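Participant: Using my numbering, the first residue of the sequence shown is number 4, and each one after it goes up by one.
Glycine included, every Cβ here is placed at the ideal spot set by N, Cα and C.
Model, not experiment: these values are computed from the prediction.
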Amino acid sequence: MTQEYIKGLLAAASVSVRTAYSEIKSLTSQPSFYYIPKRQRYLMVNKIVTDMSATGQTEMMSLNKKAKAYCRTANVSKHFFRRGSVFKLLFL
């Protein structure tokens, strides 16, 4: 149910947010990504977000807050949203 909610958020998002999500998903879905030091992984994902327009970044952060709030309300394990953002939730 959580994944459906988050996918719904993304479906209603702007093209720039969906494109950034696709880039991040592609990057983070590779097992080798998790062998890179944490700081470097953060910088790689952060670069994708900072390359977005200010409006896109605001929309991305808004989606992140909505997803985290939904997970808290639905009693989803903290593990899922402690590790980062909406993107982590989508890879369950």
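How long is the line joining the alpha carbons of D54 and V79, rounded to whole angstroms?
Facilitator: Spanning the two alpha carbons is a distance of roughly 31 Å.
Participant: Run through DSSP, which three-state label would A77 get?
Facilitator: DSSP places A77 in coil when its eight states are reduced to three.
Participant: Just verifying my parser: in three-state terms, what is the DSSP assignment at A23?
Facilitator: Looking at A23 - three-state DSSP - the assignment turns out to be helix.
Participant: Please state the DSSP three-state secondary structure of R85.
Facilitator: Residue placement at R85 is flagged as unreliable, the pLDDT there being 46, under the threshold of 50; a coordinate-derived value is accordingly withheld.
Participant: Between the C-alpha atoms of S98 and I51, what's the straight-line distance to the nearest angstrom?
Facilitator: Absent from the structure is residue 98, since the part of the chain shown begins at 4 and ends at 95.
Participant: In the DSSP assignment, find the alpha helix (DSSP H) that holds M47 and state where it starts and stops.
Facilitator: From DSSP, the alpha helix (DSSP H) with M47 extends over K41 to T53.
Participant: Exposed or buried, which one is M63 when buried takes at least 16 other CB atoms within 10 Å?
Facilitator: Classification for M63: buried.
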